[in-house]
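Just below is one structure, and these are the notes that go with it.
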Amino acid sequence: MADAEVLAELVTFLTPTTRLDVRRAALDQILGISGSLDGSASGFFLQSNVTLGKAICNLCESSIADRTLTFAVLTNFASGSPEVSDYILSNTKVPLLAYDACKLAAPFAANGSKLLANLSRHSPDRIHQLLTEHDAKYMETIFELIAYDTIVFLGYIIVNVASVAAHRTLISGFLNKVYPLLTLSDAHREIAADILRNLAFDEG
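So the sequence shown is residues 1 to 204, counted in our numbering.
Okay, structure coming up:
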């Protein structure tokens, strides 16, 4: 069971100047904590004025060598927590690093795509605004990228943004990109079906 003392010790290792093998060992422990199914994970991230959360995000931003693990850890922490998602979106460059990793086919792109999927589930409007400001053609880019199985989770950004009524007209302009997904893998077909379902939803 993780406690404040253990986490405080782990935080001290989450700096780029710490020896790589020590950082990796600390991140491996935190990865286990972040995957907790009892609802406690977000509390660890946010406790003590977000000490652990800040350290992980800062390491993600400053160390390319650690992004595979830091993206995975942040994906877990954000999975069931709107509060963690809000912190990451409001205070860090991590979402943009994840998006750029996918565009550049970086070795950690798969984990970046999963993180973006989770962030968009909690805050679809905000992720749309953030990515639009970063890349005005981000939707077109995502439709091109999700043909690659390793980052298919990027498609859930479109699924989640389509849940916001204000963006459905925009996404409808990409129907010619949605239909071909139905001819690909089960994961692609599920994403296409979810996009179409959200586009068809009538709040009135």
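Cβ coordinates follow ideal geometry from the N, Cα and C atoms, glycine included.
For residue i, the first and last residue of its enclosing alpha helix (DSSP H)
{"i": "Gly80", "result": "Counting along the chain, Gly80 falls outside any alpha helix (DSSP H), and DSSP gives it neither H nor E."}
{"i": "Val152", "result": "Note, Val152: premise wrong, no alpha helix (DSSP H); not H, not E."}
{"i": "Ser123", "result": "No alpha helix (DSSP H) contains Ser123, which DSSP labels as neither H nor E."}
{"i": "Phe44", "result": "Ala41 to Ser62"}
{"i": "Asp66", "result": "Asp66 -> no alpha helix (DSSP H), and no H or E assigned at all."}
{"i": "Leu146", "result": "It is worth fixing the name first, because residue 146 is Ile in this sequence and not Leu. First-last for Ile146: undefined, no H or E at that position."}
{"i": "Leu182", "result": "Segment: none, Leu182 is in no alpha helix (DSSP H) and carries neither H nor E."}
{"i": "Ala98", "result": "Val94 to Lys103"}
{"i": "Val22", "result": "Leu20 to Ser34"}
{"i": "Ser163", "result": "First-last for Ser163: undefined, no H or E at that position."}
Sequence-distant residues of its chain with Cβ nearer than 7 Å to residue i (five each side left out)
{"i": "Ser120", "result": "Ile127, Tyr156, Ile157, Asn160 and Val161"}
{"i": "Ala26", "result": "Leu10, Phe13 and Leu14"}
{"i": "Asn198", "result": "Val159, Ala162 and Ser163"}
{"i": "Ser34", "result": "Ala41, Val73, Asn76 and Phe77"}
{"i": "Ala106", "result": "none"}
{"i": "Asp194", "result": "Val159"}
Proximal residues to residue i (C-beta, below 6 Å), its chain only, five neighbours per side dropped
{"i": "Leu115", "result": "Phe71, Leu74, Thr75 and Ala98"}
{"i": "Ala192", "result": "Val178, Leu181 and Leu182"}
{"i": "Phe45", "result": "Leu52, Gly53, Phe77 and Val84"}
{"i": "Ala55", "result": "Val11 and Leu14"}
{"i": "Pro16", "result": "Ser62 and Ser63"}
{"i": "Ser81", "result": "Ser42"}
{"i": "Lys103", "result": "none"}
Close beta carbons around residue i, own chain, < 8 Å, minus the five adjacent residues each side
{"i": "Leu89", "result": "Pro95, Leu119, Ser123, Arg126, Ile127 and Leu130"}
{"i": "His134", "result": "Leu96 and Tyr99"}
{"i": "Val152", "result": "Ser113, Ile146, Ser185, Ala187, His188 and Ile191"}
{"i": "Met1", "result": "Reliability of the predicted coordinates at Met1 is poor, the pLDDT of 44 falling under 50, and no value is obtained from them."}
Assigned exposure category for residue i - 16 Cβ within 10 Å defines buried
{"i": "Asp66", "result": "buried"}
{"i": "Gly32", "result": "exposed"}
{"i": "Gly173", "result": "exposed"}
{"i": "Leu154", "result": "buried"}
{"i": "Ala109", "result": "buried"}
{"i": "Leu175", "result": "exposed"}
{"i": "Ser48", "result": "exposed"}
beta-carbon residue i near the ligand GTP non-hydrogen atom, thresh 7 Å
{"i": "Glu61", "result": "The ligand GTP is not among the ligands present in this structure, which contains no ligands whatsoever."}
Expected contact under 8 Å - CB spacing of residue i and residue j to nearest Å
{"i": "Arg24", "j": "Leu69", "result": "7 Å"}
{"i": "Cys57", "j": "Thr92", "result": "4 Å"}
Item to check | Segment contact, 8 Å Cβ cut-off, at least three pairs: the segment 143-152 with the segment 172-190 | outcome: yes
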